Each structure stands twice: as C-alpha cells, then as structure tokens.
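A.B. asks: Protein sequence lines correspond, in order, to chains A and B. If you count the first sequence from 1, position 107 lands on 123 in the numbering used here, and the numbers rise without skipping. If you count the second sequence from 1, position 104 lands on 90 in the numbering used here, and the numbers rise without skipping. The structure under discussion is supplied below as structure tokens; questions concerning it will follow.
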Amino acid sequence: GQNIDQPTEMTATEGAIVQINCTYQTSGFNGLFWYQQHAGEAPTFLSYNVLDGLEEKGRFSSFLSRSKGYSYLLLKELQMKDSASYLCAAFFPGGYQKVTFGTGTKLQVIP
Amino acid sequence: GAGVSQSPSNKVTEKGKDVELRCDPISGHTALYWYRQSLGQGLEFLIYFQGNSAPDKSGLPSDRFSAERTGGSVSTLTIQRTQQEDSAVYLCASSLGRIEETQYFGPGTRLLVL
C-alpha cells in the first residue's frame, strides 16, 4: 500500500519551533513533497526531498530518511500567518506518474 | 505574470448532469496535474499530463471522469452523470516539466452536485 500518515492537528506558540512529521509505509517513491494550504486557498509548494537529509529554505526546513520511513517539516520562528494545513506527498515515477498525499496536518499558531 | 487559472470558480449542478472544468496552465509549463479535495480531506491525485499525453489514468475515480489536454496547454476535466459524491474542489496545477519542479496551483473549481 501507499499509506502516508500525518498528525491531524498541532498547536504551537508564535516565535517557537514546530516539527510536523510524516511517516509512510511505502517504497519505490522518487521523492517527498511538502505543501502549505491556508483555509479556502489552493496549496503552495514548500519543498521536494529526493535525497536523505535536511534541506533548509529560510524559516522552513524539510528532512527525509528513507531507511526510517519518515519525513518532517520544521518551521522556525513561527508567525501567526503560518497557521495552515501542511500536506506531505510522495511521488511514484515509472510507467505511471502518481502523487499520493497524506491527509494533512492542521497547524494553529497561538500568541 | 499570469498564474494558473481555472473556470468556472464555482459550479452547482444537478445529479446526473455532465460538467466540464477548465484549466489554463502557466505559459510554457509542459506538466499539468488535476487533483480533487473533498471537504476536510487531503488532496487526491487524479491525472497528470506531460504535454498532451497522460501516462496513466488509473487515478481517475471512475469511468465517468475523463480529461484531455490539447495543444499542450489548456486542459478540461469532464465528469459525466455527476453524483453527489463528486462534490469537491477540483484543483489544477502546472509545472515546468519534471515532477520535482515547483507545482503552481490554480484557485480551484468548487463543484456542488445537488
């Protein structure tokens, strides 16, 4: 199967650091995406990890470990505008091109 | 510059009717994706085009769904004999080409089947 699991909801304080985990029971994927989606809006691309390790982009970093079957999105110096859903997705190449999404983690940033 | 546009933005239809959803990708983007997002649910991949061809259509929920892309640009997603469970937001995205390229999403079409 291609199960991708994320916590449903998280709450964190403005200015803090939060780690959103994504675990998967699948193999053969080419890479892992992270998207941000504000309520009522379309998703926006955050990152795509192919290699194991941490990739940093400003306040957001994404990590992948294929051997351990998980990824995480790290948000630093949280701002109120970071309140959104964060979606993890795996891309499976080959004869077909398919992207499988987790159900997303709804993050609430509180003052 | 112009982003991905979709039309209509909202569509209310009666059960059993056919609907056609349109996506205009960013100019020069060869890859185009259709997703569906039901209320409170995650994104569901439907189909992916590279140019005019779709390597695999197994992501489409049923044979009532079809998609085409002509001229390597505009794509239409057609749902025949709509059912209430088809109610969702249908999102289109485009990217330069390779899957790892940033996907830019359109605003979506909110479909409600009564």
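From the three backbone atoms N, C-alpha and C, an ideal C-beta is built for every residue, glycine too. Bear in mind that the values here come from a model prediction, so they are computed numbers and not experimental data.
1) Using three-state DSSP, classify B/Glu6 as helix, strand or coil.
2) Decide yes or no for the touch test of the region 11 to 19 of chain B against the region 45 to 58 of chain A: beta carbon pairs closer than 8 Å, at least 3 of them.
3) Tell me which residue opens and which closes the beta strand (DSSP E) that B/Lys(-3) is part of.
4) So if I threshold CB-CB distances at 8 Å, which residues from the region 27 to 46 of chain B count as touching chain A?
5) Taking the alpha carbon of A/Leu94 as the reference point, which residue from A/Ser101, A/Cys104, A/Ala105 and A/Arg75 has its own alpha carbon closest?
6) Tell me the DSSP secondary structure of B/Asp49 in three-state form.
7) Given a threshold of 16 other Cβ atoms within 10 Å of its Cβ, counted over all protein chains shown, does B/Arg22 qualify as buried or as exposed?
8) How big is the Cα-Cα spacing for B/Leu46 and B/Val(-2)?
9) Out of B/Leu25, B/Leu7, B/Asp72 and B/Ser48, state which residue places its alpha-carbon closest to the alpha-carbon of B/Gln54.
10) Can you say whether B/Leu29 is buried or exposed, counting buried as having 16 or more other CB atoms within 10 angstroms of its CB?
11) Label A/Thr24 either buried or exposed according to how many other C-beta atoms from any shown protein chain fall within 10 Å of its C-beta, with 16 as the threshold for buried.
12) Apart from the five residues on each side of it in sequence, which residues of its chain come closer than 8 Å, Cβ to Cβ, to B/Ala40?
13) For A/Lys97, which three-state DSSP category applies?
14) Going along the chain, which residues of its own chain have a beta-carbon closer than 6 Å to the beta-carbon of A/Phe49, five neighbours each way excluded?
C.D. replies: This is what the structure holds:
1) Correct three-state label for B/Glu6: strand.
2) As far as the Cβ criterion goes, the region 11 to 19 of chain B does not touch the region 45 to 58 of chain A, which means the pair count is below three.
3) First-last of the beta strand (DSSP E) with B/Lys(-3): Asn(-4) to Thr(-1).
4) Listed by position along the chain: Gln27, Gly28, Leu29, Glu30, Phe31, Tyr34, Gln36, Pro41, Asp42, Ser44 and Gly45.
5) Looking at the Cα atoms, A/Arg75 is the closest of the given residues.
6) DSSP places B/Asp49 in the coil class of the three-state scheme, outside both helix and strand.
7) Of the other Cβ atoms in all chains shown, 16 or more fall within 10 Å of the Cβ of B/Arg22; this residue is therefore buried.
8) Straight-line Cα distance between these residues: approximately 21 Å.
9) The amino acid at residue 54 of chain B is misidentified as Gln; the sequence shows Glu. Of the listed residues, the one whose Cα sits closest to B/Glu54 is B/Leu7.
10) Residue environment for B/Leu29: buried (at least 16 other C-beta atoms within 10 angstroms of its C-beta).
11) It counts as exposed.
12) Taken in chain order, the residues that qualify are Ile33, Tyr34, Ala53 and Arg55.
13) Helix.
14) Cβ neighbours of A/Phe49 beyond the five flanking positions: Tyr64 and Ala105.
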